[in-house]
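Engineer: In the working numbering, the protein residues as written are 4 to 166.
Given below as structure tokens:
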């Protein structure tokens with residue numbers, strides 16, 4: 004399975020996403036309990052689905068089909084290796100793109116629990132909560148990751164204006 008994953012990496016790097024997905028499916032078939040192969044396949048399917056959604060190309064599998072298959076493999080990866088923060092993180096991103104906000108929140112929270120020092124995990128969770136209408140997100144928490152520290156003068160103006 005490792006050789007197939009290496010081949011799939013080369014294929015993906017060469018822009019051959021469909022061939023890389025085929026190769027990773029073979030790796031999963033050969034070694035179904037390999038969580039790394041499932042994470043790689045899920046991530047590749049997710050990015051392919053996002054690309055197809057953006058370009059709206061009629062060829063190939065639909066973005067939703069790619070997302071559904073990606074979610075299946077990433078969910079299995081979390082079951083095979085419950086300590087894989089990467090599997091939970093990528094699962095959360097796929098669930099978010101499928102409109103499954105609660106499931107995405109749970110997956111991203113689990114990824115952050117497993118790896119609390121990963122700023123990307125925290126940022127994605129905050130963005131999900133903000134987009135979902137949870138406007139109680141602390142400006143300072145997001146500010147340091149997106150805007151940098153908010154100067155005291157601006158904070159005072161915001162508090163005075165009660166924005």
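From the three backbone atoms N, C-alpha and C, an ideal C-beta is built for every residue, glycine too.
On a predicted model such as this, the values are computed, not experimentally measured, just so you know.
Residue 89 lies in the alpha helix (DSSP H); which residues open and close that run?
Structural biologist: 88 to 100
Engineer: Can you check which of these residues, 21, 116, 82, is closest to residue 38 by C-alpha distance?
Structural biologist: With distances taken between Cα atoms, residue 38 lies closest to 82.
Engineer: Given that a residue counts as buried once 16 or more other Cβ atoms are within 10 Å of its Cβ, and exposed if not, what is residue 25?
Structural biologist: exposed
Engineer: Put residue 35 into one of helix, strand or coil per three-state DSSP.
Structural biologist: coil
Engineer: Would you call residue 98 buried or exposed, if buried means 16 or more other Cβ atoms sit within 10 Å of its Cβ?
Structural biologist: buried
Engineer: With burial defined as no fewer than 16 other Cβ atoms inside 10 Å of the residue's Cβ, what is the status of residue 42: buried or exposed?
Structural biologist: Residue environment: residue 42 is assigned as buried (16 or more neighbouring CB atoms within 10 Å of its CB, all protein chains considered).
Engineer: Got a sec, what are the start and stop residues for the alpha helix (DSSP H) residue 125 sits in?
Structural biologist: 122 to 134
Engineer: Taking the C-alpha atoms as reference points, what is the distance between residue 56 and residue 66?
Structural biologist: 6 angstroms
Engineer: Tell me whether residue 19 sits in a helix, a strand or coil according to DSSP, three-state version.
Structural biologist: DSSP places residue 19 outside both helix and strand once states are collapsed to three, so it counts as coil.
Engineer: For residue 107 and residue 117, what's the separation of their Cα atoms in angstroms?
Structural biologist: 15 angstroms
Engineer: Would you please state the rounded distance, in angstroms, between the beta carbons of residue 13 and residue 27? I believe it to be under 8 angstroms.
Structural biologist: Actually they are not in contact, since the Cβ atoms of residue 13 and residue 27 sit about 12 angstroms apart, beyond 8 angstroms.
Engineer: Is residue 103 helix, strand or coil by DSSP?
Structural biologist: Coil.
Engineer: Could you give the DSSP three-state label for residue 69: helix, strand or coil?
Structural biologist: helix
Engineer: Could you have a look at residue 150 and say whether DSSP puts it in helix, strand or coil?
Structural biologist: Confidence is the limiting factor: at residue 150 the pLDDT is only 48, short of 50, which leaves the residue's position unreliable, though a coordinate-based value still follows. Residue 150 sits in coil when the DSSP states are folded into three classes, being neither helix nor strand.
Engineer: Determine the direct distance from the alpha carbon of residue 135 to that of residue 128, and round the result to whole angstroms.
Structural biologist: 10 angstroms
Engineer: Spatial neighbours of residue 78 within its chain, please: CB distance less than 7 angstroms, with the 5 preceding and 5 following residues excluded, ordered by chain position.
Structural biologist: 94
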